[in-house]
Amino acid sequence: MKTTITTLKKLSTQALKKTLKLKMPIAFPTETVYGLGAPYDDEEAIFNVFVLKGRPLNNPLIVHVSSIEMIHSLVESIHPDAVLLMETFFPGPLTLIMKKSNYVSALVTANQDTVGIRMPNHKVALELITRIGKPLVAPSANISGRPSGTEAMDVYEDFQGKIPYIIDGETSDVGIESTIVDTTREPFVILRPGAITREMIEKVLKKPLATTINNEIIAPGMIHPHYEPNHPLTILRGNDEHIIFYVNQKKDALFIGHERFLPFIDIQKLSLGQDIKEMTRYLYHVLRQSNHMDIKEIYTHEIDHEGYMNRLLKASKNQIIDV
Ligand code: TXA
Ligand code: MG
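Heads up, the final residue of the sequence shown is numbered 333 in the numbering used here, and it's a clean run with no missing numbers.
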C-alpha cells in the first residue's frame, strides 16, 4: 500500500470515504502527539488500529471529540468537577476518564466500564472529526513501545506502506501525550502526568487530587514498555559540571539535553531546546533521530517536570545515576 502524506484540505471527501470503507485508520496531528484514528463505532477499523500498532487488546483507547455535544452520548454521566475541567482545559492536552455509555464498544475500553475523552486543541484534528461527523478513537501514532510520533515523518517511519494517509499538521506543539485524570474516583486522580499539571488542575477544582504512593494507580497502558530508543539511555543526576565531565569521557555516546550544556560537550550531541516547553516538544523526535546515529549509548540529564520525567524514565528503563 502506498502511504501518502497530505494536508486535510487536499484530502478529498472521496478519498476519506474510501479509507473509512476499507476500515483503514488515518493518522492525524494533535497538539500533543499524532494519533492513529478510527471512527469510535467501527470495530473493524478499531481492531486494525490495535493490529497495526502491535498494541495489546487490554490497553484501552481514548475517544476524541470536536464538540462538547459529542461527549454526551459517550458517557453515562459527567461529574460537576469534570465539567469545570472541561470548561477550563477543553480543547487541550487533557483526557478525562468517565463512566461509559452503552454506545461505546468494549473493544475501545478494553472491557472496562469507563472511557477516556479528549478534545484536542488542533485545528486539523477538530476539522477531521467534524468532517467524519463522529468521535474518533486514537492511540498515539507509533508502533507500540517506540516514541510517539510528533511529526508526519515520524509517523511515516512507523507506518509507511501500512496506512493510506498521514495528515500533516506540522510539529505537535506539546510533544508528550495528554494528562489523564480519572473522574470516576473520589477525589480525582492523575493516571498519566502531562503538560496540564497537578497544580493547574487543583487550582481549578479548589481541592487536592488524590496522591498516589509510588504511582500505583496508573493508566493500564503505562505498564507496557514505552518510548524506547534503539540505544540504551541513561539519565544523569548531578550538577552541570559533573554531568559535562562524565559525558565527555564517553566517546561512543550521544548527549541529548538542554541547550546550555551543548557548548561544553565534546562528544556527539543534540539539543532538546532552551526551556521545558521545547524539551517536551522535541524529546520524542530527538529520541527517534538517535536511532539512526552511529552510537552505542545515550546520556541526558533530569529536569524538574513530572510529565517529562515520566516519559524520560520509561525511555531509559529507569536507568538513572548520580554523578
Ligand atoms: O495525547 C494523547 O492522549 C494522545 C493523542 C493522540 O490524543 N493519545 C494517546 O493515546 O496517548 P495512547 O493510546 O497512546 O495512550 C492512551 C492511554 C493509555 O495508557 C491507556 O491505558 C489510557 O490512556 N486509557 C485509555 N482509556 C482508559 C480508561 N478507560 N481508563 C484508564 N486509562 C485509560
Ligand atoms: Mg501511546
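We treat Cβ as the ideally placed atom computed from N, Cα and C, and that holds for glycine.
Hey, how far is the Cα of V125 from the Cα of F198? Cα-Cα distance, rounded: 15 Å.
If we call anything under 8 Å between Cβ atoms a contact, is L215 one with L106? With contacts defined as CB atoms closer than 8 Å, L215 and L106 fail to qualify as a contacting pair.
Taking G159 as the reference, give the member of I186, I142, P174, T140 with the closest Cα. Considering only alpha carbons, the answer is I186.
Can you give me the start and stop residues for the alpha helix (DSSP H) that M289 sits inside? Here the alpha helix (DSSP H) through M289 covers 286-300.
Quick check: what's the CA-CA separation for R270 versus N320? Spanning the two alpha carbons is a distance of roughly 22 Å.
Report yes if the C-beta of P149 is less than 7 Å from at least one heavy atom of the ligand MG; otherwise report no. For the ligand MG, a non-hydrogen atom lies closer than 7 Å to the CB of P149.
Alpha carbon to alpha carbon, how far is A220 from A229? Whole-angstrom Cα-Cα distance: 15 Å.
Residues sharing a beta bridge with Q170, DSSP: Paired residue(s): none; Q170 is not in a bridge.
Buried or exposed for F255, please, with buried defined as at least 16 other CB atoms from any protein chain shown within 10 angstroms of its CB. So F255 counts as exposed.
To the nearest angstrom, how far is it from the Cα of T140 to the Cα of S76? Their backbone Cα atoms lie some 6 Å apart in a straight line.
Determine the DSSP secondary structure at T23, reduced to helix, strand or coil. In this structure, T23 counts as helix in the three-state DSSP scheme.
Indicate whether L264 and M303 have their beta-carbon atoms separated by less than 8 Å. For L264 and M303, yes; Cβs fall inside 8 Å.
Should G231 go down as buried or exposed, given a rule of 16 or more other Cβ atoms within 10 Å for buried? Flag for G231 reads buried.
Is it the case that the stretch 232-241 contacts the stretch 312-326, given that we only count it when at least three CB pairs across the two stretches are under 8 Å? These segments touch.
Classify Y113 as buried or exposed, calling it buried when 16 or more other Cβ atoms lie within 10 Å of its own Cβ. Under this definition Y113 is an exposed residue.
Is S182 a contact residue of the ligand MG, with contact defined as CB to any heavy atom under 7 Å? Not so, every heavy atom of the ligand MG lies at least 7 Å from the Cβ.
Restricting to runs no shorter than 4 residues, where is the alpha helix (DSSP H) found entirely within the stretch 43-114? DSSP runs (the alpha helix (DSSP H)) wholly in the stretch 43-114: 53-63, 79-82, 90-99.
Would V85 and S111 qualify as a contact pair, given that the criterion is a beta-carbon distance under 8 Å? Their beta carbons are under 8 Å apart, which means V85 touches S111 by this criterion.
Per-residue burial, L67 [other beta carbons within 10 Å of its own, 16 or more giving buried]: The residue in question, L67, is exposed, as its Cβ has fewer than 16 Cβ neighbours within 10 Å.
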